[in-house]
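Notes for the one structure printed next.
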Amino acid sequence: MPQFAIIAVSILFDGLAYAMFLFITSVGLSVTMGLMGFVNLAHGAFAMAGGYIVVSLTRDLGIGFVPSLLIAAVLVGLISVVFERGLYRRLYKATDLEQVLLTIGLAFMAIATATYFYGPIPKSVPLPLWLQGDINLGFRSFPSYRAFLIVLGIALISVLWYAFERTNIGAKIRAAVDNRRMAESVGINVDLLFTLTFALGSALAALGGGLAIQLFGLSPSFAVLYLVLFLIVVAVGGLGSLKGTLLAALVIGVIDTGGKYLYAEAGGFFIYAITIVVLLIKPAGFYGRE
Amino acid sequence: MTAALQVQDLNRSFGALNVTRDVTMTLERGARCALIGPNGAGKTTLVNLITGVLRPSSGTVLLNGEDITALSQAVRARRGLARTFQINQLFRGLSVLENICMAIGERDGENNNMWRSAGAKRSVIDEALDHLDSLRLVDDALRLVRELPYGRQRLVEIAIALAQKPRVLLLDEPAAGVPSSESHLILDVVANLDPDIAVLIIEHDMDVVFRFAREIVVLVQGAVFTQGTPKEIMSNEDVRAVYLGQEGHDAVQRGGRHG
Amino acid sequence: MAANDPTGAQSAIVTPVRDAAATAARDRAAEYLVSRHRFRWAEALPWLACIAVFFLFPDRLTFGSQVLVMVLFALSLDLILGYAGIVTLGQAAFFGIGAYTVGLGAARLGWTEPVSGLFAAFFVAALAGFISGWFLLRYRGLTLLMLTLATAIMMQEAGNLGSEFSGGYDGLPGLVFDPLLGRFEYDLYGRTNYVYALVVLAVVFYFVRRIVYSPFGQALTGIRENVRRMHAIGSPVHWRLVTVYTIAAGIAGVAGALFTQTNAYVTLTVFDFENSAKVMVMLILGGTGRLYGAFLGAAVYMIMEDYFSKLSPTFWQFGIGLLLVLAVLFARRGVLGLFEQFGAYFTKEKSKGAKP
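Residue numbers (my numbering), protein chains in the order written: chain A, 23 to 312; chain B, -8 to 250; chain C, 271 to 626.
Here's what the structure looks like:
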């Protein structure tokens, strides 16, 4: 196989794995922002919390990696309900600025708490044997973990797709994103719906946080460092759009990976440039409502 | 003499919904015209098209004979097209006086000044107070808008538009939301507007319409249903049918939805 | 006759001749507007405090200069956030551009004269503000947040991309600047730098104060309060916003330039998201849209950070987060807003019934 094809396949493979991580972590943010117009800068903190819970469960309690992911997702989902009911709810009608400040404040507190308990050094996580090592495809071998990420991502996308497009709750969510007042007037309990999606979105973020450990290592700065990426995925994809979030995650995942393969010095320059261009042309993102 | 405002074949659609359809109407200088029609007829949309909040899908708007269809809302305003809003759009955290000065400052360019203290130009303040005087708002000049009762806020809404020294004034339900005990204050102001200003008023209260207007345009489902003098409209059976029919229709729908 | 006077028809109703009481009411109204902008003695306090610091804490003046730089930076944000209501997460972009203008000027071009460096920083940052503002300020809400944020990070990445020229994340250490005005050498205790920063701050503050109290500043407040009405009364809203964004960018650039000059080094971390967030936090804690909020907020933040982060940086970060949450929930107008509330409470108690 020629060299450029190998590179292209590698970029696609790693980019896809990265995109799955971005999608899983950002999709909840997109739906909650679309539903309530709430700017949640603490979303990265929920992801980080999920990551640290996985670290504790695997390292301290010896629970397997995959069960830990599930437990972390459920725990963070539950905790997020407390935040949503106790704090976020008060600010749905507040200005962008106040939402930004409240959630930056929460993110700071989360980072400090994580630093206190886990220290600033990046953590790793013990993986089961089947996720270690590589899958050899002849011309090149790929890390099994990334393959796992891609499979898991596709599975989750299918489930979410089904839930969003085919179930009753999904239809209600779409209706509420589209026109909140109308949805309320036909008897949809938007508040409850929001709590549910918020919890689900935070749980997915926690899952993403757990999955990220093996990719990037986990340190307290994760909450802010990757938040910018999640926000970009959401804004570029369009608020409240599953399709848009997926497309944005793919574009950004593949382009960022490609940039790192081909022109490492550029760092993240390309994705920011692309973000700016996309938003200037389509301020509401790929699939957002203008 | 060129008309103050001319609207020609104006269309606007949101998706498949045509909210404004082939509207053509003319406001002569000093006109007193009422725009009436059942709920959802597209009256506010028409005002938004005329003032430039919305762009028409097709058609033209002429102000004093000049085509302003492509111009921004702000440029239209500076050329003498003023409006009030159905729901108050005021600077709630500022005093009444400052609300008026804002409009005067934008009109005469004072608001481009970065160096002078706001309020240091006496002519602006004097003019603002003249406007307030004429609407009997002087006593409230230094109060914050958000502290005023709703009826007085509606007056400020009109005062700002008048401070623009408009040649065409669009009043979107000026007395909406005001208790009937106070609404006469607002209607007096409307009735005593400068006779040179062309005024288009959207109003539901037929007494007000017949008292104020010299001509009436009836809008139904985005299109001009008919227009004429109050007498003609009053005696028009079709208008009655539309009004009563529509209201009856609405009532049935309302009953159906809740029942 | 009455053609251009919409009130003409009305004067028949209202007494046409103004009596003495009416004239007095007019004078009072004019006086009210002008008096809000008049210099008050309380305004001297922060400046006197700055001068007192020079004499009382001669060994902390290096830190003092840093505080003054952040006051200037927060002031630039107050102009757009507090007055015009533009929520940005990328003000660090202009701080960084200013910082690198003098940094690169000194390191690569040998432009080591400090005061002209400030002017250069102002113009370069203002130009960047004008260009980006022209495109960005059409948008609001999340789109604007993302665009400003992405702009700042893109500047950082661009700096990293050209690291041979910019020095990358290692920065440009050991910059040497000419003596101030060709006369004052930089001493070990930072006395020169402190006075330099204070004078620059005072000059910029004077200009900002004129702007916010001018009719133009009033129009900005109008845009913040009700942008729909501003369009309706003919205000060129986009142009106004671009103008103030450009000025604020220039001021942030001056702050960045001062930062580089007083530290004699600069790295790409000036473009960090944390830098944009930090200055916003300072401003919010002090109180937006009230000039001295930037002063108080930046000073209090810097002093607390200096003190607490010595004890425990983690504790400090948690505390500042908690403070933000509490500020949003209970003190939306910042520390100065709280003072004003107390002040208003007491004056009300004192003079019940006395109306202006």
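The beta carbon of each residue, even a glycine, is placed where N, CA and C say it ideally should be.
Span separating the alpha-carbon of residue i from that of residue j
i	j	result
G557 (chain C)	I350 (chain C)	13 Å
T267 (chain A)	V300 (chain A)	14 Å
I521 (chain C)	L151 (chain A)	57 Å
I296 (chain A)	A245 (chain A)	23 Å
V199 (chain A)	T54 (chain A)	9 Å
D187 (chain B)	S505 (chain C)	24 Å
L218 (chain A)	R203 (chain A)	18 Å
K625 (chain C)	Y234 (chain B)	Bear in mind that the predicted position of K625 (chain C) carries a pLDDT of just 39, short of 50, making it too unreliable to give a figure here.
I157 (chain A)	F35 (chain A)	12 Å
L160 (chain B)	R145 (chain B)	15 Å
Y114 (chain A)	N183 (chain B)	44 Å
L253 (chain A)	S263 (chain A)	13 Å
Y439 (chain C)	T537 (chain C)	6 Å
I78 (chain B)	A167 (chain B)	8 Å
I29 (chain A)	I293 (chain A)	20 Å
I85 (chain A)	A228 (chain A)	17 Å
P89 (chain A)	V76 (chain A)	9 Å
I176 (chain A)	S224 (chain A)	19 Å
G307 (chain A)	V31 (chain A)	28 Å
A472 (chain C)	P316 (chain C)	11 Å
L100 (chain A)	L237 (chain A)	26 Å
Interface flag, residue i vs chain C, CB-CB below 8 Å
i	result
T279 (chain A)	no
I151 (chain B)	yes
R143 (chain B)	no
R205 (chain B)	no
L178 (chain B)	no
V250 (chain A)	yes
Listed by chain order, chain B residues near residue i by CB distance under 7 Å
i	result
E495 (chain C)	F82, R83, G84 and L85
Q611 (chain C)	Here the premise fails: no neighbours, minimum Cβ distance about 15 Å.
G492 (chain C)	F82 and M93
Contact with chain B by residue i, beta-carbon distance below 8 Å
i	result
S402 (chain C)	no
R499 (chain C)	yes
R479 (chain C)	no
Residue-chain proximity (residue i, chain A), Cβ-Cβ < 8 Å
i	result
Q587 (chain C)	yes
Y535 (chain C)	no
L347 (chain C)	no
E427 (chain C)	yes
I590 (chain C)	yes
F333 (chain C)	no
F543 (chain C)	yes
Chain-ordered chain C contacts of residue i [CB-CB under 8 Å]
i	result
T42 (chain B)	A502
G96 (chain B)	P485, Q488 and A489
E89 (chain B)	L303 and Q488
N104 (chain B)	S484, P485 and F486
Partner residues on chain C for residue i, Cβ-Cβ distance less than 7 Å
i	result
E287 (chain A)	L431
P305 (chain A)	Y409 and T413
R74 (chain B)	A502
R69 (chain B)	G504
L302 (chain A)	F405
Chain B residues whose Cβ lies nearer than 8 Å to that of residue i
i	result
V304 (chain C)	S108, G110 and A111
V446 (chain C)	Those within 8 Å of V446 (chain C) in chain B number zero; the least Cβ separation is about 37 Å.
Interface partners of residue i on chain A, CB under 9 Å
i	result
I231 (chain C)	Residue 231 (chain C) lies beyond the residue range present for chain C, which begins at 271 and ends at 626; the question has no answer from this structure.
9 Å Cβ cut-off: residues of chain C touching residue i
i	result
D117 (chain B)	R296 and A300
(message) As an exercise, report each continuous beta strand (DSSP E) stretch of at least 3 residues that is fully enclosed by the region 127 to 212 of chain A, in chain order.
(response) Every beta strand (DSSP E) of 3 residues or more that sits fully in the region 127 to 212 of chain A is shown, in chain order, as 156 to 158 and 163 to 165.
(request) Only counting runs of 3 or more residues, tell me where the beta strand (DSSP E) segments fall wholly within the region 151 to 176 of chain B, in order along the chain. (result) Every beta strand (DSSP E) of 3 residues or more that sits fully in the region 151 to 176 of chain B is shown, in chain order, as 159 to 163.
(request) Flag this pair as touching only if the region 323 to 333 of chain C and the region 496 to 505 of chain C have three or more C-beta atom pairs under 8 Å; answer yes or no. (result) Inter-segment contact for the region 323 to 333 of chain C and the region 496 to 505 of chain C is absent: fewer than three beta-carbon pairs are separated by less than 8 Å.
(message) Quick check on the DSSP output: what are the complete alpha helix (DSSP H) runs of length 4 or more inside the region 397 to 469 of chain C, in order along the chain?
(response) Qualifying alpha helix (DSSP H) stretches, in chain order: 411 to 431 and 433 to 436.
(request) Report yes or no: do three or more beta-carbon pairs, one from the region 382 to 391 of chain C and one from the region 538 to 545 of chain C, lie closer than 8 Å? (result) Counting Cβ pairs under 8 Å, fewer than three are found: no touch.
(message) With three or more C-beta pairs closer than 8 Å as the rule, is the region 38 to 47 of chain B touching the region 465 to 478 of chain C?
(response) In the pairwise beta carbon analysis, the region 465 to 478 of chain C is classified as not touching the region 38 to 47 of chain B: fewer than three pairs are separated by under 8 Å.
(request) Ignoring anything shorter than 3 residues or poking outside the region 60 to 107 of chain B, list the beta strand (DSSP E) runs there in chain order. (result) If we require 3 residues or more, the beta strand (DSSP E) runs fully inside the region 60 to 107 of chain B come out as 72 to 74.
(request) Say whether the region -2 to 18 of chain B touches the region 276 to 289 of chain A, bearing in mind that this needs 3 or more beta-carbon pairs closer than 8 Å, one atom from each stretch. (result) Output reads no: the region 276 to 289 of chain A does not touch the region -2 to 18 of chain B.
(request) Run through the region 291 to 364 of chain C for me and flag every whole alpha helix (DSSP H) of 4 or more residues, listed as ranges in chain order. (result) Segments of the alpha helix (DSSP H) lying fully in the region 291 to 364 of chain C: 314 to 326 and 331 to 347.
(message) I'd like to know if the region 337 to 351 of chain C and the region 135 to 142 of chain B are in contact, where contact means that at least 3 CB-CB pairs between them fall below 8 Å.
(response) No: fewer than three Cβ pairs fall under 8 Å.
(request) Would you check if the region 488 to 497 of chain C and the region 46 to 54 of chain B touch, i.e. whether three or more CB-CB distances between them fall below 8 Å? (result) Contact fails: fewer than three Cβ-Cβ distances are below 8 Å.
(request) Inspect the CB distances between the region 359 to 376 of chain C and the region 586 to 598 of chain C and report whether three or more fall short of 8 Å. (result) The region 359 to 376 of chain C, when compared against the region 586 to 598 of chain C, does not touch it at the 8 Å Cβ threshold.
(request) Quick one: which unbroken beta strand (DSSP E) runs of 3-plus residues sit fully inside the region 566 to 593 of chain C? Chain order, please. (result) Within the region 566 to 593 of chain C, not a single complete beta strand (DSSP E) segment reaches 3 residues in length.
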